[in-house]
Structure formats: structure tokens, C-alpha cells
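Undergrad: Have a look at the structure that comes next, please.
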Amino acid sequence: MTVDEQLHDRQFVRTFFTTPTAVEGEDDSAKMLKSAIGLRGMQAPDVWVPDNEDATAPNMRDEGAGNIIDVIAEDGADFPGEIHPRVVWHRDSPGTRYQGFQHMLEIADPDNGAVEHIDGFVIPEVGDVDDWKKADEFFTIVENEHGLEEGSLAMSVIIESGSAELAMGKLRDEMGKPSNNLQRLFMLVDGEVDYTKDMRAITPTGELPPWPELRHNTSRAASAAGLIAVDGPFDDIRDVEGYRERMTDNQAKGQLGIWSLTPGQVVEANKSPLPPRDGYWLAEIDGREEELTEEDGVQVYDGDRLSLEETADGYRLRVGSDEQTLDEEGLKEELLDVFAYVPSLSDIVDSMAEFEAAKEAGKGAIAMTRAATVRIDGVEVEVSSDRMWDEATYQALQTPITLFQDVYENRPDQHEDLADLYGEDVVERAMNVG
Amino acid sequence: MTVDEQLHDRQFVRTFFTTPTAVEGEDDSAKMLKSAIGLRGMQAPDVWVPDNEDATAPNMRDEGAGNIIDVIAEDGADFPGEIHPRVVWHRDSPGTRYQGFQHMLEIADPDNGAVEHIDGFVIPEVGDVDDWKKADEFFTIVENEHGLEEGSLAMSVIIESGSAELAMGKLRDEMGKPSNNLQRLFMLVDGEVDYTKDMRAITPTGELPPWPELRHNTSRAASAAGLIAVDGPFDDIRDVEGYRERMTDNQAKGQLGIWSLTPGQVVEANKSPLPPRDGYWLAEIDGREEELTEEDGVQVYDGDRLSLEETADGYRLRVGSDEQTLDEEGLKEELLDVFAYVPSLSDIVDSMAEFEAAKEAGKGAIAMTRAATVRIDGVEVEVSSDRMWDEATYQALQTPITLFQDVYENRPDQHEDLADLYGEDVVERAMNVG
Amino acid sequence: MTVDEQLHDRQFVRTFFTTPTAVEGEDDSAKMLKSAIGLRGMQAPDVWVPDNEDATAPNMRDEGAGNIIDVIAEDGADFPGEIHPRVVWHRDSPGTRYQGFQHMLEIADPDNGAVEHIDGFVIPEVGDVDDWKKADEFFTIVENEHGLEEGSLAMSVIIESGSAELAMGKLRDEMGKPSNNLQRLFMLVDGEVDYTKDMRAITPTGELPPWPELRHNTSRAASAAGLIAVDGPFDDIRDVEGYRERMTDNQAKGQLGIWSLTPGQVVEANKSPLPPRDGYWLAEIDGREEELTEEDGVQVYDGDRLSLEETADGYRLRVGSDEQTLDEEGLKEELLDVFAYVPSLSDIVDSMAEFEAAKEAGKGAIAMTRAATVRIDGVEVEVSSDRMWDEATYQALQTPITLFQDVYENRPDQHEDLADLYGEDVVERAMNVG
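Protein sequences appear in the order of chains L, U and D. Residue numbers 562 to 995, in our numbering, belong to the letters of the first sequence in order. Residue numbers 562 to 995, in our numbering, belong to the letters of the second sequence in order. Residue numbers 562 to 995, in our numbering, belong to the letters of the third sequence in order.
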């Protein structure tokens, strides 16, 4: 047995979408649940979380547990993603823990007809690993009482305390011990608002700190224990650009999933880790990226942060506010640092196929070259970059393809969207490579 | 028992001020101690550290121990902060450890009259957790020999080695074991100069590396074990702006305290985590912040990094060296990323009271809106941002208020300064919210 | 016994240079090994790694093991650095582990004549600490079978998984236990390509994430367990500037060694942690550094990112795109943040000698001042900075000297290069200080 491999059906989770379980003052307190369970395609998350904790008022949570049962029993069979309700829990409150246990016992009762469509539960506010074991023990009791297979209900946790962050470093040692069933663990989800409170952090404007170390440690724990790392909510819903930037930053840390608060965020987050339809060149200057536009095979830069002119003895290049005089060789080297190519899904499939062919022909490593003619202020320059691919490079760059394949296999409701996005042909090649 | 909560009187320590215990060549070697113990108000630190280690020459340390006793026995009763002398210690030197023990034994002798005003000792150069236990055992012996209550002397440590950084991850597991009294732990203080030596780091100019991971791990350990995180000395005493920036960076990591080398630094560090008297708007461009000035209710930007003009079909906006043509919607979105509001103490109290009222009225979440008219190059634009507040947001943003209340309760000598700073009315409301 | 001190001959490793052990299609498959073992001086690495893993095709590895033996038996006695072949290993594959064991057994057989010149082996793809122990046990069996002293073969590992990253935090606890010989550990080497795969990270352009936390944790583990931290390969061989920047970044983390893929990279990496021959001033603006040029004792700034003019009532200073009007005091403060001095080897030796003299004269701390006249746009300004040196500062700034001394003692083949670089006189003084 190795915990290096994911233990659950889904190898990847892009989206973790929460919905209040009972809203006061509506005709039907389950209205939002009923709306959410009807989502399909790119609007439907990989994991849907009926949220009987923070999103639901404390006095509505018993009613919320009932709504979860009713709505999932009725329509859960057709929901295209996994379903993991969140119940209440707190490392410092035995009363809250007992309430969460009671809700799990009720929701998971087969007589209520919902549990066959439920994949697990989400436990918030966990503390050290002994606290995680208390939750795990309740799962075991629930499974035993209801005649469910031991370990069949997945457990996911919200990391929102320093003690939980430290606990993640111990999972690999604790999972598999005879007295627990921690192999049921599935997702490690950061919860930055409560984490900020627990760490007692202050920012002048009240915005959340970026917490890069927390996100690294979550991703590392997921890697070491065969779990899935998910980032917390991005609460400025109008800031689509900011949400995208956060996802790009997360992906570079190996945290490929993120919380979504609206179907609009779900669409963004379902698409974000997938490679683009068309490859493109970009210029990166002073930490900002600008996409180049293609005109007749030439990549044209028409922004303001770069300027170039030919002089009597070479070139005058300005990058941001930094001007230099360069010869042709120097110019090309400098531009290598400015321009980069973002490969499309099709490009990645091509490169992988090329490496596979080379490997069969007995070569351990090949150079992959990417070249373009770039035009800046009317001056054209050839730019090219080489990268050596060996087995390790091949495997490291395979992640977006593996993710694509996992999505395709588990989300038939997104096949049409994927075909629209990439074309049938590219989809088929992507499913057969690797 | 939970270690999630602070175990000591002070829930927050803003300032950790060290003073040499014996200076050679002065008429009175205790002169600096006598001066420091007389500090009051904003010049007096939350924690005063008579420093019988690095700040005092090795051949003066026995005399220094005597000076600590004399000065504290005489004037300790009136000192407004806590008193934690630092003694010598080294993970690799039994001789140094024994000397530190002897000094503690002497200083804590009730017959010498100082210990009743002493809250604990600071132990530098600790190594792995077994080394921390050696120090803890000496505290226990000192307490036992002198008939002091077991655990009554707080122990704080300086983190200045990789092994001590790792030890912080184990505190929660080790505290509370029958064979130690590690619950006496109080402050985790980073010591970046020696840490840099221990990590063997090199920078071209010799300046200290920023060590963001160390500071994160210190703050996290404090959070997990109910302790207080304090950053190390900032040794360019003339660079007030740099000291402030370091504190802002620390606060975003949850490290709310910092070492102070002079009474001037103490004043800065006592004020830094407190919200400002007046809220203000700022522009953040290329990582630099500029405060806007208010004129007749309009927020005026008069710096050089932003320019705006109306064009026939919209707006031309320059942010740093980046120019864009935008319609009104696009302009507002772009400016949302540029401008942010820094709330005053009074603003925070208002927002908390507003949320408390909404909660009583049965609402779990409310939108807090902040709007302003901003003028750039004579062009006026409406800027507004929403933030959803729920229970978690409320608690996360409460930290500066909790800190304010802790300061107010524990530092009567600063009441006048606080009233001068904020007005009696705001102080009173801040003490009654939350 | 303390693991705070390095347990091996070399206290520092600047360069870790890998060479394929068997290349198909050449007249002599050992050609590259034969070429590499002939390297001397700055082109020869501190550690040479005949690479029987990723650099060598799987079907050539048995032949590669034979080549290692032949080439090292023949010429290993004269190689100026240490020799640590890399064998195959994988935490998830018992077959690969057994193959690695067989190759070690063969290569270390004294009858084959190579082991007397071999310092240890490098084990890639390790997992948790129990996996490290499996490798250590094979070393012990190899030593026992061949009558070598237990622990005499050093073990170095490549950190290329989240579980290995976590394992590094446990070394101090595990080394020295009766059932292992983990004291044989020598280098902790990051392997970012496979680590990126294991963490499942994605970047749009396919470039490697920077992984700052991994490098910090590697350096910290080295510090805590008396080992040596080495960064992974930098695969854009043409980008010399990028390689240098990576090394500067690593050095600020205490990771003083780096992988080299070519003799050209070895030269760069052997020189990088050594102080420069001549000190110089630099301007740091918007994260970019520019060296000032000296003209008749004046430091001249002639770049475009800074401009200065005298006005009727003071100065107008532009730093990047940020303009300010300042009085003389304000100007000097602002420029203090812009300019910094990079000391030469000779400067560092002078400062250390000055502090040593002060210490002998009974002073615990002295101020070191660095001053210059700087000319910007024809306007001259005096710039000076003070730094307090105490024992801790002295020791922290001693690292480049200790490294220099370690290099000088262990690498006689570089004496000539060092003398050419610094002059005999400076070299001699550097060997006698500290």
C-alpha cells in the first residue's frame, strides 16, 4: 500500500461549491439547494457542498440537515459531481462536535434515501491530528450504525488554524494505523478567513493576507498523503481577474482546486486548470503579462511597456522604464527573458507524442524548440527558446493532460463543452496520449 | 485544557525592549538599566528585557546579574510592562547553560527582592525540543528551591537556529506531558542575525535575508500552542520607514510583536498594530502606496504614478507605466484594484457594531460598502467596494480591537496617550464592542 | 555528540556536477565519464556525480555501472573533488530499489579498484524517512560485505517528493538511533522537475515554479542535521544571468550549493558564493540592480532609472517612475535605501580584523561605517551607512570567509585560480582571519 496515490474516484477536484442549506424568510428554505443540485456542465462543480455550517444561520441548521436529505434523496442521482455536505465542528467545542455527529448520523441514514448519493462529509475547524481522529471515529460509528462499508464515507477538512496546518505534516504517519480509518481523507481545503483570525493577523485595509506558506503546506500534505488540495473562498465576487490570478498562483503550488461561491465562479474555476484552446505568446514586464497578437504569422507587441528601435550600431530597447543599447545577440538574449509561449492543449499533446516517439526510438532526451518572429514598434526580431525534455520533464508537463483525462472520464456532462472548446479531434487525441 | 488560548496575563506583546545589564567604563555600570526602568507611556515596552546575553560583554555578566537584582528590587514595582531578563544559554555548550542556570537561581532568590516583579526569563540559542526541556527543568528547580509556584516563571525563547525552528512544530505535542512544565512558555522571539549564521546564508551586501518562512512558522507555532510571536531586532535604527514596513509585513503574518532597540523604536512599535485615528484612502501602484488627500469630501490623488483623461469615447488611464483606454465600467473596475480604504479605530468599531446589530436581527451575513469620489488630474470618478461580512469575517477583523482592549487593560500608563490619540469617546466605544 | 556540526570532510559544497555513465552510439560509451574525470581547477566541481539514473538511458545502466568502476579505478586518484555516483531508486518501486542496491554492491567491491576513490552514493526519488532507512540499510550491507568501515560511504538524497520534503524535518530525531546509520547523510539536493510532477503543479508556460518553501526547508534541514543543502538543475544552459540570479537567491536562504549540468555552469557555481575581487556600490531600483562606476573616487550613476536635480529650495529626485521634492536630509535618507555597498573579500577580511581587535580591547560592539560620494546627473551627494557589529554580526558575516577557507584547504587545484582572482596577499590574509 502506498499513500502516494490518490485513494478516491476523483484524482482531481477543480471546484468546491458551497450552498446554504436553509435560508430563513423564503417560501421554501431549501430553494438554494434545489437550484444548485440542478446545475450541469461547466456550471456544475466537481464537488458540491451543501453547507450546514458558516453559510447557514445557526438556528436554521437542524432544518438544513433535513433539507439536505430531502433534496439529495430527490435529485442526487442525477447530479454530475460528487456531493459532500459540510456539517458543524470545532476543535474547542464538544457541543459543536456532538451536533455535527448527530447531523451526520441523520443525513447518512439509508432510510432517508440520501446517503447513496453522498460521497462524504466536510469537517470544518479541525485542530491537531487527534481532533481529526475524533471526527474520523464519528464517521466510523455512523458507517457501523447504518451498515455502510467502513471507510466508504470520505472525510474532507477545512484547514483554518495553525494546529491544523501542523497536523497536515503528520497525515502520512497516522493514516493506516490500526485504530483509525484516516484513509477516508479526501480533500484538504484552506479556509483563510478563520485562519487569519486564528493566526491573529492584521492588514491595514482588512484584506486577507496571501498566506503562501499555508497553501504550499496544504499542497505538500496532499502530495505526501495521496489527497487533494483546495484553496479557500475568494470573496470579491466581482473581481474575475483577481480570481483567475489567484488560481494561476495556486496551480504553480500544486493546489489545483478552489472554492467557488457562485455558479459564475464555478465556470471560471472549472476552466482555469485546462490548457487554452490556442497557444499564444506573451510579454512579461515588471510582473505584468500582455498577450501578443498574431498578424500574418508575426507576433505583434503593441503595448506601452516595451519599445525598440534600430540604431547605427545595434538596437535601443526599453523594457518598462529600463533602457539599454544592445547588439543583435544581446537583444535576443534580453527578449528571451521577456517573451514566453503558452502552449495550447493541442501543443502539449503534440510535444508528448513527439517525446514518446523519440523514447521508442531509444533517445532519453530531446530538445523542444519554440520560435517566433516578434514585431515591436515595427522592428522584427527572431525569438527562439529550447527546452530539453527527458522522462522527468515529460511527466512533470503531463499534469494538465492527466487532469483533462480525469475530467473527461468523470464528467460526461462536460463533454459537449469540451468539444466546443477544443474540437472533437483535439479532445480525442488528448484522451489517447500519455 | 486547550493550548489554543494564551496561558499568560498578556494576550498580546507589541514590544520587546532589551537593555544591557552592565556597561564597563561608566561611573555606574547599571546606568542603562536604571534609565530603562523609568520609562512610562508609549516609551515603555510591553515586555522589558534586561539583557545579560549579547548586549552585555561576557566579563560583565556576573555584575549584570547583580545589577538586574538591584535595579528591579528598587524600582520594579512601578514598571508598567512585564519584566523578563535574558540569561545566557547555548544548545552546544553545557558550560553556558550552567552559567545561565546560576544567574536565574540568583536573580530569582526571594531574599534578593527582585523576583516578585519578574515575570519570567528569556532563553537564547535554544536547539531542538529536548534542549528546551533542559531549560524548563532549570526553571522548575529554581522555583522549587525558592518556594515559588511551579510554572509561575514564564519561559520565552529566541529562535536562532534551524533546529529551534523545527522544535516549534512540536510544542503542542510536548506541552502538558507529565515530565515537563513547558506550559510556562510565553514568547517565541525570532533572532535573525544568529539564525542567518546558523543557516549559513550569504547576501552580497551583508544585509539580513528577509526569512519569510521563519516568521510564518513562528507565528503558526504561537497560534498552535497559545504563545506570542515576536520578530527580531531591526538594526538600522535611523530607518524608521523600514521599521514600519517590517511591522506591517509581520502583522500580515500574525507576528504582532517586535524587538525594539531604543525607546524611539518602542514608541513606533507600540503604535504600529493599533488602527489609525483617521481612516484614509490609498493608491497602491507597482507595490508602492500613496495616501490620498481629502478636499471638500473628494479624495484627491496628486502623485505621478497615475494619470487619467477623458477621451471622446471613454477614458485614458495610466497606472505606473501601463496605459489603457477604458469605458466607464472598465475604469471603475481597474480603479478598484488601485484604491483601498484603511479604516480608523472608529470605523472598525462602527462596522463591528453594525454586524452585531444585524446578527441580533437574525442575519448571518451583511454587505459592508465603502465608497468615495476620487479626483485624478481633475477628473472625478466614483469608486466603491463591497465586502460580505459573516461571523468569520467579523472575528478575523476583530483582532486589532482585541489588541486595543488588551493594551488598555494592561497598560494604564498609556490611557492618556490613547485618549490623546483617539479621543475619550472612541476609546470608550472600542472598550465596549466585541 | 551534536549534529549541529557537519560530519563530513567538506563543510561546503558549491557544485554538484552530473555526467551520463554510458552513452549509446559512441565508439566508447564511457567517453563523457572520461572527459569529466579529467576536469581541474574552476571547471572541476566540489562533488562529481557519475549519473546512472536519469541522465543515462535505462537499458544502458548496467554498462554504466561498469563504466563507473573502470573510469574511477583508472583516474579517480587524481580527481580533485569528491566522487558520489548516483544509482537508481524509487520509493514506489521495490524492483528499482533492488537494482540500485546491486549497482552499489558492484561499484563498491574493493576488488574492482574504484571504491577507494568513491566518497558515497546519491539516492534519488526517496520518500518518507522509512524509505531513507531502507537505502541506509543497503549501504550498511554493502559496507559489511566488502569489509568497509560502517558509515564510511556517505549517503546523499534527491528531494523530489512532498514526502521527502516532510522527511527532512525528522532527520535530527532519527539520526543516531541504534538501528540505523543515518549519520552517513551528507547532501540534501532538491530535484525540482520531479518535485513539480509529484506536487502536480502547473504553470501556463511550462516553466518550473520557484518553490521557495522547498528550498527554505532543505536549507533548514541541513542546518538542523549538520548536512549540506544543494539546489537542483537550472536547465536553461544559455541563460547565465538567470543561473547567477538563482544562486544569489539560494545563498540568501543558506543553500550554498547548486547542481551544474556543464563545465561552464561549474565555473559559474564555483565562483558564485565567493566574495568579489573588488567592492562596488550598486543602486537597487524597482527590484533591479545597477553597478555604479568609479571616477576619481566618485561613484557615478549613469543609468536611466534615477534622476536628480537641485532646485531653489532643495532637490528633485526621481526613483523609477516616482518623483519627490526633498531637502538635503530627506534626500540622503531616500538614497540610503537606493544605494548599497558590496564588499570585496579584502573588505570583509578588514572588517573582521577590525572587530577582532576591538574585541581584544574589551569592546562588545563597534560601528562599521561605509561612505561614498555619489554623482547623479552631475549632482554630488554624500551617502553613508552605519552598521553595528557585535559577536553575532561578526559570526553571521563570517560565512563567506569560512567557505573560502574550506575551498582553499580542500581544493589545491584551485589555488592558482584564487591567487589570480584575489592576489596572493588577500588570499593569505583570508586564510588567517577568523
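In this text, a Cβ means the ideal position worked out from N, Cα and C, and glycines have one as well. Since the model is a prediction, treat every value here as computed from it, not as a measurement.
Less than 6 Å between C-beta atoms, sequence neighbours within five positions excluded: which residues of the same chain meet that for Leu979/D?
TA: Around Leu979/D: Val988.
Undergrad: Strictly under 7 Å for the Cβ-Cβ distance: is Asp1013/U near chain D by that measure?
TA: No answer is possible for residue 1013/U: the residues shown for chain U start at 562 and end at 995.
Undergrad: Beta strand (DSSP E) containing Asp588/L: first to last residue?
TA: First-last for Asp588/L: undefined, no H or E at that position.
Undergrad: Are there 16 or more other CB atoms within 10 angstroms of the CB of Gly688/D, so buried, or fewer, so exposed?
TA: Per the 10 Å Cβ criterion, buried.
Undergrad: Measuring only the C-alpha atoms, how far is Thr954/D from Asp755/U?
TA: Taking the straight line from one Cα to the other gives about 8 Å.
Undergrad: Just tell me which of Arg877/D, Ser654/D, Met665/D has its CA closest to the CA of Pro646/D.
TA: Ranking the options by Cα distance to Pro646/D, first place goes to Met665/D.
Undergrad: Excluding the 5 residues flanking Pro581/U on each side, which residues of the same chain have their C-beta closer than 7 Å to its C-beta?
TA: Result list for Pro581/U: Met593, Asp612, Ala616, Thr617, in chain order.
Undergrad: Spell out the partners DSSP gives Gln816/U in its beta bridges.
TA: Bridge partners of Gln816/U: none, in fact.
Undergrad: Taking Cβ-Cβ distances shorter than 9 Å, what residues in chain D pair up with Asp796/U?
TA: What Asp796/U touches in chain D: Arg948, Met949, Thr954.
Undergrad: Restricting to Cα atoms, I'd like to know which of Lys595/U, Asp607/U, Trp693/U, Phe577/U is closest to Pro973/U.
TA: With distances taken between Cα atoms, Pro973/U lies closest to Asp607/U.
Undergrad: Nearest by alpha-carbon distance to His707/U: which of Asp986/U, Gly793/U, Glu667/U is it?
TA: Cα-wise, what sits closest to His707/U is Glu667/U.
Undergrad: Would you say His777/U faces chain L, with C-beta separation under 7 Å as the test?
TA: Closer than 7 Å: yes.
Undergrad: Assign Arg781/L to buried or exposed, taking buried as 16 or more other Cβ atoms, counted over all protein chains shown, within 10 Å of its Cβ.
TA: Buried: at least 16 other Cβ atoms inside 10 Å.
Undergrad: Let me confirm a value: Val676/D is counted as buried when at least 16 other C-beta atoms fall within 10 Å, else exposed. Which label applies?
TA: Buried, since its Cβ has 16 or more Cβ neighbours within 10 Å.
Undergrad: With burial defined as no fewer than 16 other Cβ atoms inside 10 Å of the residue's Cβ, what is the status of Thr886/D: buried or exposed?
TA: With fewer than 16 Cβ atoms within 10 Å of its Cβ, Thr886/D is classed as exposed.
Undergrad: Hey, is Gly723/L's beta-carbon within less than 7 Å of any beta-carbon in chain U?
TA: Cβ-Cβ to chain U under 7 Å: yes for Gly723/L.
Undergrad: Taking the Cβ atom as the reference point for each residue, do Arg575/D and Asn811/D lie within a distance shorter than 7 Å?
TA: For Arg575/D and Asn811/D, no; Cβs fall outside 7 Å.
Undergrad: Sort Ala696/U, Gln744/U, Ile720/U by Cα distance to Ser713/U and report the nearest one.
TA: Residue Gln744/U is the option with its Cα nearest to Ser713/U.
Undergrad: Can you list, in chain order, the stretches of the alpha helix (DSSP H) that have 4 or more residues and sit fully within the segment 960-985 of chain U?
TA: Complete alpha helix (DSSP H) runs here, min 4: 960-971, 976-983.
Undergrad: Could you spell out the range, first to last residue, of the alpha helix (DSSP H) harbouring Arg931/D?
TA: Taken as a continuous stretch (DSSP letters only), Arg931/D belongs to no alpha helix (DSSP H), being part of the beta strand (DSSP E) at 927-937.
Undergrad: Assuming contact is defined by CB atoms lying nearer than 7 Å, are Asp796/U and Ile819/U in contact in what I supplied?
TA: No, the pair does not count as a contact, with Cβ atoms beyond the cut-off.
Undergrad: Which of the three DSSP states is assigned to Phe662/D in this structure?
TA: Looking at Phe662/D - three-state DSSP - the assignment turns out to be helix.
Undergrad: When you compare each of Gly995/D, Asp631/D, Asn628/D to Asp911/D by their alpha carbons, which one comes out closest?
TA: That would be Gly995/D, whose Cα lies nearest to the Cα of Asp911/D.
Undergrad: Apart from the five residues on each side of it in sequence, which residues of its chain come closer than 8 Å, Cβ to Cβ, to Gly875/D?
TA: So the qualifying residues of the chain are Thr886, Leu887, Asp888, Glu889, Gly891, Leu892.
Undergrad: Only counting the same chain, and skipping five residues up and downstream in sequence, which positions put a Cβ closer than 6 Å to that of Gln572/D?
TA: Cβ within range, chain order: Asp967.
Undergrad: Could you tell me if Lys738/D is buried or exposed, where buried requires 16 or more neighbouring beta carbons within 10 angstroms of its beta carbon?
TA: Classification of Lys738/D: exposed, given that the 10 Å Cβ count is below 16.
Undergrad: What do you get for Val859/U, buried or exposed, if any count of 16 or more other CB atoms within 10 angstroms of its CB means buried?
TA: So Val859/U counts as exposed.
Undergrad: What does a CB cutoff of less than 7 Å around Glu871/L pick up in its chain, not counting 5 residues either side in sequence?
TA: Only Val940 meet the Cβ criterion.
Undergrad: For Val827/L, I'd like the list of residues in its chain whose CB is within less than 8 Å of its CB, leaving aside the five on either flank, ordered along the chain.
TA: For Val827/L, where only same-chain residues beyond five positions count, the Cβ hits under 8 Å are Thr576, Phe578, Leu600, Met603, Gln604, Ala605, Pro606, Ser821.
Undergrad: Quick one: using the 10 Å Cβ neighbour count with 16 as the cut-off for buried, is Gly923/L buried or exposed?
TA: Classification of Gly923/L: exposed, given that the 10 Å Cβ count is below 16.
Undergrad: If we cut at 7 Å on Cβ distances, does Glu917/U have a partner in chain L?
TA: No, no contact with chain L.
Undergrad: Locate the alpha helix (DSSP H) running through Glu726/U, then write down its first and last residues.
TA: Unbroken alpha helix (DSSP H) run through Glu726/U: 723-728.
Undergrad: From the beta carbon of Glu774/L, is the nearest beta carbon of chain U less than 7 Å away?
TA: So yes, Glu774/L belongs to the interface.
Undergrad: So that I know if they touch, is there some Cβ in chain U lying closer than 7 Å to that of Met760/L?
TA: Met760/L counts as touching chain U.
Undergrad: Determine which residues of the segment 572-602 of chain L have a Cβ less than 8 Å from any Cβ of chain U, and write them out in chain order.
TA: Those would be Glu585, in chain order.
Undergrad: With a 10 Å radius around its C-beta and 16 neighbouring C-beta atoms as the bar for buried, classify Asp692/L as buried or exposed.
TA: Buried is the call here.
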